[in-house]
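Numbering (this note's numbering), first residue to last: -15 to 263. In this text, a Cβ means the ideal position worked out from N, Cα and C, and glycines have one as well. Written out below as structure tokens is the structure these notes cover.
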Ligand SMILES: Cc1cc2nc3c(=O)[nH]c(=O)nc-3n(C[C@H](O)[C@H](O)[C@H](O)COP(=O)(O)OP(=O)(O)OC[C@H]3O[C@@H](n4cnc5c(N)ncnc54)[C@H](O)[C@@H]3O)c2cc1C
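Printed below as a string of structure tokens:
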């Protein structure tokens, strides 16, 4: 992200501390705006620019604008006119994870609320409360939130595994890492083929990560694999009687939850009696 001023003045929106900071920031900026007599300072304080219109960016700007509008009721009337919320997006649309009609619907709803959406536009620099954009325009804004360029863990690329252009581990539809037997990946770090997704890959959401985790668990340890594993062990058990006992034990374990009774005292069976007998 070699964008002048971004590291010094921007903030991300990935962690809880960042989210809490932004919530407080909105209130602090409303305080600043309501206390100053300087019109330019007020406009800058109430300018909020978000860069990157994926899920996280759209959710963030939508929620914070809503929050700010609710908070405005407790501030002097008039400052609402100076408040601006701007979403800057480098591509020609918002929410690339969704189909175009749904994304257009979301953009229309945001615009109705007064949120500006600048597509085909890039952030160029941030300096002294001024945000410069690639279309030559500039916005007076003290708060810039970076929600673009969500990257998977750098461990994926560093590990030497096959990765796509976004640094995600390439997997096939069974979630097996391409070209490597016995290695699997799921979640944000994996490029999971999805014929229903506009991009051809599952979007990086918790909903997909959870479903992939279940599928992956089934693919690694499905019933046939479990059955083979158990049967193999059973074959090597000595005596028929022991084989039958173990098979019955495993069958009962299939039907009921695990036994979680603590059996550590087995090694000292007389301790309790000794305590009672007072020795
Ligand atoms: C602001 C925001 C809002 C979101 N909102 C939604 C939403 O509304 N709905 C939704 O479905 N999804 C949402 N998501 C996306 C969702 O959080 C992710 O898709 C999901 O968490 C991916 O799960 P994961 O297990 O693949 O990765 P993660 O949840 O990122 O888990 C990976 C874990 O691995 C750890 N880790 C990384 N490197 C190492 C290492 N070298 N050694 C050990 N541990 C390591 C990390 O610390 C992390 O705990 C949102 C994301 C963000 C940032």
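Cβ-Cβ separation, residue j to residue i (assumed contact under 8 Å), whole Å
i, j, result
"residue 45", "residue 71", "5 Å"
"residue 183", "residue 176", "Actually they are not in contact, since the Cβ atoms of residue 183 and residue 176 sit about 11 Å apart, beyond 8 Å."
"residue 6", "residue 129", "7 Å"
"residue 117", "residue 102", "7 Å"
Check: residue i C-beta below 7 Å from any heavy atom of ligand 1
i, result
"residue 137", "yes"
"residue 39", "yes"
"residue 206", "no"
"residue 148", "no"
"residue 133", "no"
"residue 43", "yes"
"residue 198", "no"
"residue 171", "yes"
"residue 188", "yes"
"residue 142", "no"
"residue -2", "yes"
Residue i - DSSP class collapsed to helix/strand/coil
i, result
"residue 99", "coil"
"residue 84", "helix"
"residue 173", "helix"
"residue 52", "helix"
"residue 111", "strand"
"residue 59", "coil"
"residue 127", "strand"
"residue 266", "Any property of residue 266 remains undetermined from this structure, which presents the chain solely from -15 to 263."
"residue 68", "strand"
"residue -4", "strand"
"residue 122", "strand"
"residue 220", "coil"
For this session: Give, in chain order, every unbroken run of the beta strand (DSSP E) that is at least 3 residues long and sits entirely within the region 15 to 50.
Result: Runs found: 31 to 35.
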